[in-house]
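K.L.:
Each residue of the sequence shown is one higher than the one before, starting from 5 at the first, in the working numbering. We put the beta carbon where it would ideally sit given N, CA and C, even for glycine.
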Amino acid sequence: MTQNQQQNLLLSASGLHKRFGGITAVNNAQIDLHRGSITGLIGPNGAGKTTLFNLLSNFITPDRGEVIFDGKAINQLQSHHIAQKGMVRTFQVARVLSRLSVLENMLLAPQKQTGENFFQVWLGRKQIRKEEVENKEKAMLILESVGLAAKARDYAGALSGGQRKLLEMARVLMADPKLILLDEPAAGVNPTLIGQICEHITNWNKQGISFLIIEHNMDVIMSLCDRVWVLAEGSNLANGTPEEIQNNPEVLEAYLGVD
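(1) Buried or exposed for Leu170, please, with buried defined as at least 16 other CB atoms from any protein chain shown within 10 angstroms of its CB.
(2) Below 8 Å CB to CB, which residues in the same chain sit around His72 once its five sequence neighbours on both sides are set aside?
(3) Short check: CB of Asn221 to CB of Phe215, under 9 Å?
(4) What's the call for Phe24, buried or exposed, on a 16-neighbour Cβ count within 10 Å?
(5) Name the DSSP bridge partner or partners of Ser16?
(6) Classify Ile78 as helix, strand or coil using the three-state DSSP reduction.
(7) Pick helix, strand or coil for Phe95, following the three-state DSSP scheme.
(8) For Ile27, count the other beta carbons within 10 Å of its own beta carbon; 16 or more makes it buried, fewer makes it exposed. Which is it?
(9) So is Trp126 buried or exposed if we call it buried at 16+ other beta carbons inside 10 Å?
(10) In chain order, what residues of the same chain have a beta carbon less than 7 Å from the beta carbon of Ser102, not counting five sequence neighbours either side?
(11) Could you give the C-beta distance for Gly52 and His21, rounded to a whole number, given that I count them as a contact under 8 Å?
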């Protein structure tokens with residue numbers, strides 16, 4: 005890898021290993037992701053994809069290995085500190101606070117709000133009010149962009165599964181991320197909404213946000229991604245362009261069951 009390529013790396017993980025009891029979920033895994041890219045992560049069920057996501061974002065601690073994000077090691081950071089640095093994630097089953105409104109869900113996401121500091125609650129009331137107005141305006145603009153503005157006052161629990169995924173994706177934008185890890189954004193979503201989700205990802209990527217996407221829908225992966233990494237049994241199997249992956253005989257055998 006050239007020096008320019010090294011400098012362009014936003015995320016680089018190497019030697020990641022995780023065991024649960026007698027089961028090795030991730031075995032010496034590596035993944036690199038360049039700034040401004042949309043990268044796919046695919047593999048059979050049980051390949052370790054979500055575990056790798058959890059290791060990258062430190063939702064679980066690796067037994068060994070290193071994760072470098074934006075030039076700095078993040079292995080020892082707690083998940084919320086990693087989010088503050090600009091790497092955020094969604095989940096396979098969208099996590100929303102069902103008894104809060106759609107707008108209230110959005111307003112929980114901004115990082116380092118003045119009102120979160122106990123002393124600033126009393127000393128920084130003017131700044132807090134200013135931030136609240138700005139965050140509400142920002143939230144409504146994002147909700148408008150994903151077609152959820154009309155539901156801003158509705159309970160999040162009343163949304164459809166696809167709408168919850170849109171809300172979760174919209175909510176992470178409130179944190180001004182550099183990188184978003186998306187865990188199966190198209191799973192359980194109708195084809196029309198899948199198209200909308202892909203369009204949003206493309207538009208956000210054009211605005212400078214990078215993506216790492218786990219997805220079983222190959223049409224989504226092949227249409228969106230610049231590069232694709234393949235896991236099998238917790239280990240790296242291949243990586244390359246979508247075209248290279250589609251024609252890789254090892255991938256066809258291990259992932260698609262073609263011999």
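P.N.:
With the structure as the only source:
(1) buried
(2) Note that residue 72 corresponds to Ile in the displayed sequence, not to His. Correct list, in chain order: Leu13, Leu15, Ser16, Ala17 and Ile78.
(3) no
(4) exposed
(5) Asp36 and Ile72
(6) coil
(7) coil
(8) exposed
(9) Low confidence applies here, because Trp126 scores a pLDDT of 49, under 50, leaving its location unreliable and the question unanswered by this model.
(10) Tyr159, Ala160 and Gly161
(11) Gly52 to His21, Cβ: 10 Å. No contact.
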